[in-house]
Amino acid sequence: MFPESTTGSCYEECKSTAEWLLAQMEVRPLLGIVCGSGLGGLAEMLKDQVVFRYEDIPNFPQSTVRGHAGRLVFGTLKGKPCVCMQGRFHLYEGYPVQKTTLPMRIFKLLGVEMVILTNAAGGLNEDYKVGDIMIIKDHINMPGFAGVNPLAGQNDERFGVRFPCMSDAYDRDLRQLAQDVGEELGYKDFLREGVYCVLGGPSFETIAECRMLYRLGADAVGMSTVHEVIVARHCGMRVFALSLITNKAVMDYNSEEKANHEEVLQTGKQRAEQLEKLVSSMVSRIKHN
Ligand SMILES: O=P(O)(O)O[C@@H]1C[C@H](O)[C@@H](CO)O1
Ligand SMILES: Nc1nc2[nH]cnc2c(=O)[nH]1
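Heads up: the sequence shown at position 256 corresponds to 256 in the UniProt record's numbering, and the numbers run straight through without jumps.
So, in structure tokens, the structure goes:
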């Protein structure tokens, strides 16, 4: 277990990073966006951009994965002030889980009320196709079963309660909005809703693991998002999340298919435009308090 002071995720450290950012620009974001592997194009939709490289932000981790540019982009999307992570952090990069989720606390201290997260994921559900977009309705925190939870350690009540509820993690109204917008855009054939399971990575799953996860109730498997969601909910932000099904999980011992990062990035490119349209259309209809 890493004490918060070595992960930079304690209140004072997050506050000092948030204050550093706020002192550099005038944008006061209400919406936070996290781009998944190969989905960084979402950030390009922001108007009047102010961009920070992660390496220039005090106390911020660095992106090490291809498809994660490592830039924090501020601007407006459909007139709404936003901050967008073009690149996120994963357990397999060697970061303690508290470090991978640190940006969520910084978002909160910047004034963000709602977070939209995206990821690339392998499809476990037999009905899913490559290129499907899955609205996440729930998650399975597999590392959490072994005690890997970003909220483990001392709780700071300034962020949230010791035992936060997760049965309402994925905002029902935002999920409905995504369904409505998706239908209007003609996405019905490739828009799904399901359960996302996080594993530690970086190795992709074995066939036996994929079969097990599907039987446990997961529709898609990936290496991110869940821990960010836990921290975002802990500090009271509304959450909406999408998985792009970039590859089908291999479930059959006769299959010649092999999961690989190239395919993940390639599928991201092919569906990027529609995913961006879905997110921006949702944002144009979201009302803030
Ligand atoms: O950041 P996400 O969850 O979109 O990235 C997924 C998981 C691995 O980082 C990578 C595997 O191709 O894509
Ligand atoms: N764990 C995992 N992560 C992914 N990210 C994109 N595809 C996959 C996958 O098949 N498995």
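All C-beta atoms in this analysis are idealised placements derived from N, C-alpha and C, irrespective of residue type, glycine included.
Contact test: residue i Cβ vs ligand 1 heavy atom, cutoff 6 Å
i, result
"H227", "no"
"G87", "no"
"A120", "yes"
"V264", "yes"
"S203", "no"
"H261", "yes"
"H139", "no"
"S37", "yes"
"H90", "yes"
Which residues DSSP lists as bridging residue i, in chain order
i, result
"T17", "Its beta-bridge partners do not exist; DSSP assigns none."
"N141", "V198"
"C82", "L31, G75"
"I135", "E193, L242"
Residue i at chain E interface by Cβ criterion, 7 Å
i, result
"D156", "The displayed structure is made up of one protein chain only, and chain E is not part of it."
Delimiting residues of the beta strand (DSSP E) encompassing residue i
i, result
"R71", "71-77"
"G222", "220-222"
"S243", "238-248"
"G122", "114-123"
Cβ shell of residue i (< 8 Å), same chain only, five flanking positions each side left out
i, result
"L216", "I140, C197"
"A169", "D138, H139, V229, I230, R233, V239"
"V112", "P29, L30, L31, G32, V83, M237"
"D219", "G123, L124, N125, Y128, M134, R192, G194, V195, Y196"
"Q62", "Y54, E55, G70"
"M282", "I116, L174, L177, A178, V181, F240"
"F286", "In the sequence as displayed, the identity of residue 286 is Ile instead of Phe. Once the five neighbours on either side are set aside, the close Cβ partners of I286 are L31, K80, M114, L174, L177."
Residue i Cβ short of 6 Å to ligand 2 heavy atom set
i, result
"T246", "yes"
"G94", "no"
"G222", "yes"
"L199", "yes"
Residue i: first and last residue of the uninterrupted alpha helix (DSSP H) it sits in
i, result
"V51", "Per DSSP, V51 belongs to no alpha helix (DSSP H); it is in the beta strand (DSSP E), 47-53."
"K277", "261-285"
"H90", "Premise fails: H90 is in no alpha helix (DSSP H) and is neither H nor E."
"P58", "First-last for P58: undefined, no H or E at that position."
"K258", "Taken as a continuous stretch (DSSP letters only), K258 belongs to no alpha helix (DSSP H), as it is neither H nor E."
"residue 296", "Examination of residue 296 is not possible in this model, given that the chain is present from 1 through 289 alone."
"P103", "102-110"
"L42", "41-44"
"Y173", "Sequence check: residue 173 is Asp here, not Tyr. Unbroken alpha helix (DSSP H) run through D173: 172-184."
"R162", "No alpha helix (DSSP H) holds R162; DSSP gives it neither H nor E."
"E228", "226-234"
Neighbourhood of residue i by C-beta, 7 Å cutoff - its chain only, sequence neighbours within 5 removed
i, result
"K47", "G75, T76"
"S243", "N119, A121, M134, I136, Y196, A220, G222"
"G41", "A272, E276"
"E13", "N59"
Other residues of its chain near residue i: CB distance less than 6 Å, five sequence neighbours each side excluded
i, result
"T17", "P58, N59, I106"
"F52", "L72"
"R66", "none"
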